[in-house]
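Student: Let me give you the structure first, and then I'll get to my questions.
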Amino acid sequence: MTGWAVRGISMGLVNVVVRLLLGAAVSMWPLSGSALRWVAYALVLLIIIVWAGIDGIRDRRKHPDPEDGEDLTMVWLKAAVVGGLLGGLLSWIVDFFVDFSLGQNGLVFELTSGAAFTILTIFIAASVAVFVGRQIVNREAKKKLATSDAERAHDRQLVNAGQENGSGRAQATQAEPTRSEPQWAPEHGEADTEVFSAVDADGKPRLDKRGRHGSADGS
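Residues in the sequence shown are numbered from 330 upward in steps of one, following the numbering used here.
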C-alpha cells in the first residue's frame, strides 16, 4: 500500500474510534458534551500533527534540497479524502450497532458535509505540521553549519598565530650579529710573535755578512 492510502485508512479509523469514545462519554456525561467534543477534536488534531510533522522531518533529513523532497502536500490531500469518506461511511455503519448515538446523521450527510469537514481538518493540520517539521530540520542544519564555521575560523586563527610566531623567531634570529671569531682569539690576539733564524738547505744556520744569524724574514 502507498503512503497516502495507509495514512487515509488510519485517519478514517481514528475518526471512527474517537467518535465512538465521544458518543460513549456524552451518554455518560451529557452536560459536558460541548467540552468533550472539543477534547475529541483536539485529540484528532494531535494525531494528525504528530504524524505529519514526523513526515516533514524525515523528508527534509532525507532530502536536504527542497526540490528533491517528496510531495507531501499531495500525499496528505489524498489521505484526507480517503480518511474523510471512510470515516463518514464507517461511522454511519457503526451507528446501527451501538446503543448510543454518533450524531444521528444520514449517509448523504456523512459522505458530503461531514466528510468535507474531516478532509479540511486533516489536510490543513497536516500541511502546517509538514511545514513546521521541515523548518525544524532547516534550523538544526543552520546551527550545525554555524558551529562548523566557528570551529574552522578558530582553527584558522590558531594556524595564523603559529605562523606569526614562527616568522617572528626567524626574523629575530636573522637580526642577531654573527661572530666568526675563534675562541682563542681574545687570549692570543695581543701575543708576541717569535722570530726563528733562517737555515740553509743542509740545516745549518744562515749567517749574514756581519757573521750574525739571519732571521727568516731577512732582518
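All C-beta atoms, glycine included, are put in the ideal place defined by N, C-alpha and C.
For the alpha helix (DSSP H) containing Leu401, list its first residue and its last residue.
Tutor: Leu401 -> alpha helix (DSSP H) spans 401 to 423.
Student: For Ser397, which of helix, strand or coil comes out of DSSP?
Tutor: According to the sequence provided, residue 397 is Asp. The question's Ser does not apply to it. In this structure, Asp397 counts as helix in the three-state DSSP scheme.
Student: Output the boundary residues of the alpha helix (DSSP H) element that contains Gly385.
Tutor: 362 to 391
Student: Here's the rule I'm using: 16 or more other beta-carbon atoms within 10 Å means buried, otherwise exposed. How should Glu439 be labelled?
Tutor: Glu439 is buried by the Cβ-count criterion.
Student: Locate the alpha helix (DSSP H) running through Trp358, then write down its first and last residues.
Tutor: No alpha helix (DSSP H) contains Trp358, which DSSP labels as neither H nor E.
Student: In terms of alpha-carbon separation, which member of Val343, Val437, Phe425 lies closest to Leu375?
Tutor: When only C-alpha atoms are compared, the closest one is Val343.
Student: Using C-beta distances below 8 Å, list every residue in its chain close to Ile451, excluding the 5 sequence neighbours before and after it, in chain order.
Tutor: Met340, Ile377, Trp405, Ala408, Ala409, Gly412, Gly413
Student: On the CB-based measure, 16 or more other CB atoms within 10 Å of its CB, does Thr287 come out buried or exposed?
Tutor: Nothing can be reported for residue 287, as the shown portion of the chain is limited to 330 through 548.
Student: Checking 9 Å against the spacing of the C-beta atoms, do Asp397 and Val459 come in under that value?
Tutor: Result no, Cβ atoms of Asp397 and Val459 do not sit closer than 9 Å.
Student: Nearest to Asn434 by alpha carbon, out of Leu372, Trp380, Gly443, Arg463?
Tutor: Gly443
Student: Would you call Ala514 buried or exposed, if buried means 16 or more other Cβ atoms sit within 10 Å of its Cβ?
Tutor: The predicted position of Ala514 is uncertain, since its pLDDT is 49 and thus under 50; no value can be drawn from it.
Student: Could you compute how far the alpha carbon of Asp394 sits from the alpha carbon of Ile465?
Tutor: Spanning the alpha carbons of Asp394 and Ile465 requires a straight line of approximately 14 Å.
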